[in-house]
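Student: Using the numbering used here, read the sequence shown as starting at 123 and increasing by one per residue.
Just so it is clear, CB atoms sit at the ideal spot from N, CA and C, and this is done for glycine as well.
Before we start, here is the structure in question, set down as structure tokens.
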Amino acid sequence: MPRLRVVLLCILSLTGSALAQPHLRLATTTSTENSGLLGAILPPFEQRFKVKVDVIAVGSGKAMKLGENGDVDVVLSHAPALEDAFMDAGFGVNRRAVMYNDFVIVGPRADPAKLAGSKSAVDAFKQLASAQAPFISRGDESGTHEKEKELWKAAGGTPSGAWYVSAGVGMGQTLQMADEKRAYTLSDRGTYLTYKAKGELVILVQGDPALFNPYSIIAVNPARYPAVRYFDSMALIAWITSPEGQRMIADFKVGGEMLFHPTAVPPSN
123 MPRLRVVLLC
133 ILSLTGSALA
143 QPHLRLATTT
153 STENSGLLGA
163 ILPPFEQRFK
173 VKVDVIAVGS
183 GKAMKLGENG
193 DVDVVLSHAP
203 ALEDAFMDAG
213 FGVNRRAVMY
223 NDFVIVGPRA
233 DPAKLAGSKS
243 AVDAFKQLAS
253 AQAPFISRGD
263 ESGTHEKEKE
273 LWKAAGGTPS
283 GAWYVSAGVG
293 MGQTLQMADE
303 KRAYTLSDRG
313 TYLTYKAKGE
323 LVILVQGDPA
333 LFNPYSIIAV
343 NPARYPAVRY
353 FDSMALIAWI
363 TSPEGQRMIA
373 DFKVGGEMLF
383 HPTAVPPSN
């Protein structure tokens with residue numbers, strides 16, 4: 123009986139420790155989650171700092187909105203214009219560049235709109251509109267959707283018609299829909315590479331500077347929301363932009379290809 127009591131006390135002690143572990147709420151883009159990057163780089167942080175990171179993977183616009191409402195502690199996103207507005211309004215502090223990848227225009231191998239080889243993303247979008255080729259938009263106010271809207275604007279206007287579908291879903295689901303419908307879409311390279319083996323979409327347009335895709339991390343302003351875990355947020359920001367965190371980002375690959383390029387501490391050659 124005494125032995126059973128000791129075992130029960132140990133279990134209660136361990137349970138209490140687990141419950142006492144602080145939780146840091148991270149709002150981030152679906153690309154960092156779908157690509158597998160966060161699953162690779164967060165566990166070492168959690169183990170070292172004894173903080174559990176609760177990931178809320180949504181589009182950048184929704185991630186910013188969660189930050190504006192004080193519903194999360196830190197935001198990792200890829201929507202520069204939205205981030206500028208977030209900072210200017212006083213919702214965020216200590217914004218740091220983390221990494222970049224790029225956007226790509228993908229579509230069916232047959233390429234009925236004849237985009238292959240195009241050097242300009244804007245010209246490719248003009249061609250899509252002219253051909254009224256099936257296009258699946260994320261339609262979710264994410265960083266990818268913001269970039270898409272920017273490209274359509276530069277191409278001459280807002281697309282409309284049965285050929286243009288606003289899905290309102292994450293990048294992975296958008297790629298799956300495009301594959302099923304033999305349609306085109308705009309994707310971040312990381313998520314495309316992660317889902318590439320699940321479908322038949324191919325990259326048709328890439329390399330245009332207009333498709334550059336930078337990521338930043340921002341702490342929610344504790345002066346506006348005193349309840350946020352500011353010190354834990356700063357620990358995450360410091361770690362993810364440290365040489366170790368940046369090296370883990372550089373080392374993360376899918377199919378032997380580097381998905382994200384660190385910018386806080388670029389790897390030495």
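Give me the DSSP bridge partner(s) of L148.
Tutor: L148 is bridged to V177 and V196.
Student: Is the separation between the beta-carbon of V228 and that of S309 shorter than 9 Å?
Tutor: Closer than 9 Å, so yes.
Student: To the nearest whole angstrom, what separates the beta carbons of Y402 and V226, a pair I think is in contact under 8 Å?
Tutor: The structure shown does not extend to residue 402, since the chain is modelled only from 123 through 391, so no value can be given for it.
Student: Per DSSP, F334 forms a beta bridge with which residues?
Tutor: Looking at the DSSP assignment, F334 forms a beta bridge with D224.
Student: For R346 versus G192, is the C-beta spacing smaller than 9 Å?
Tutor: Going by C-beta atoms, R346 is nearer than 9 Å to G192.
Student: In terms of residues, what are the limits of the alpha helix (DSSP H) holding Y352?
Tutor: From DSSP, the alpha helix (DSSP H) with Y352 extends over Y352 to I362.
Student: Give a yes or no on contact between the region 269-287 and the region 246-260, applying the rule of three or more CB pairs nearer than 8 Å.
Tutor: They touch, by the three-pair rule.
Student: Kindly indicate if chain D contains any beta-carbon less than 9 Å away from that of D195.
Tutor: Within the model displayed, chain D is absent; a lone protein chain is all it includes.
Student: May I ask you to report which of helix, strand or coil DSSP gives N216?
Tutor: Strand.
Student: Within the continuous alpha helix (DSSP H) that includes V244, where are the two ends?
Tutor: A243 to A253 is the extent of the alpha helix (DSSP H) around V244.
Student: Given a threshold of 16 other Cβ atoms within 10 Å of its Cβ, counted over all protein chains shown, does P384 qualify as buried or as exposed?
Tutor: The residue is buried, with at least 16 neighbouring Cβ atoms inside 10 Å.
Student: Pull up the distance between the alpha-carbon of A284 and that of D301, whole angstroms please.
Tutor: Their backbone Cα atoms lie some 17 Å apart in a straight line.
Student: Excluding five sequence neighbours on each side, which residues of the same chain lie with their C-beta closer than 7 Å to the C-beta of G377?
Tutor: So the list reads L315, once near-sequence residues are dropped.
Student: Please report how far the alpha carbon of R369 lies from the alpha carbon of Y337, in whole angstroms.
Tutor: The alpha-carbon atoms of R369 and Y337 are separated by roughly 16 Å.
Student: Which residues mark the beginning and the end of the beta strand (DSSP E) in which T307 is found?
Tutor: That run of the beta strand (DSSP E) goes T307 to D310.
Student: In the structure shown, what three-state DSSP assignment does L164 receive?
Tutor: Here L164 sits in helix by DSSP.
Student: Pair every Cβ in the region 234-252 with every Cβ in the region 193-213, then say whether three or more of these pairs are closer than 8 Å.
Tutor: No, the region 234-252 does not touch the region 193-213.
Student: Short of 6 Å in beta carbon distance, which residues of its chain neighbour V197, apart from the five on each side in sequence? Order them along the chain.
Tutor: Result list for V197: A149, A185, G189 and I340, in chain order.
Student: I'd like to confirm the pairing. Which residues does DSSP put opposite F257 in its beta bridges?
Tutor: Its beta-bridge partners are Y286 and Y306.
Student: Thinking S264 and G181 are a contact (beta carbons under 8 Å), I'd like their distance in whole angstroms, please.
Tutor: Contact flag correct, Cβ pair sits at about 3 Å.
Student: Could you work out which residue in E379, K375 and I359 is closest to E168 when comparing CA atoms only?
Tutor: The shortest Cα separation from E168 among E379, K375 and I359 belongs to I359.
Student: Under DSSP, the alpha helix (DSSP H) around L188 begins and ends at which residues?
Tutor: Run containing L188: S182 to E190, per the alpha helix (DSSP H) assignment.
Student: Please name the residue in I362, P348, F374 and Q295 whose C-alpha comes closest to that of T152.
Tutor: With distances taken between Cα atoms, T152 lies closest to Q295.
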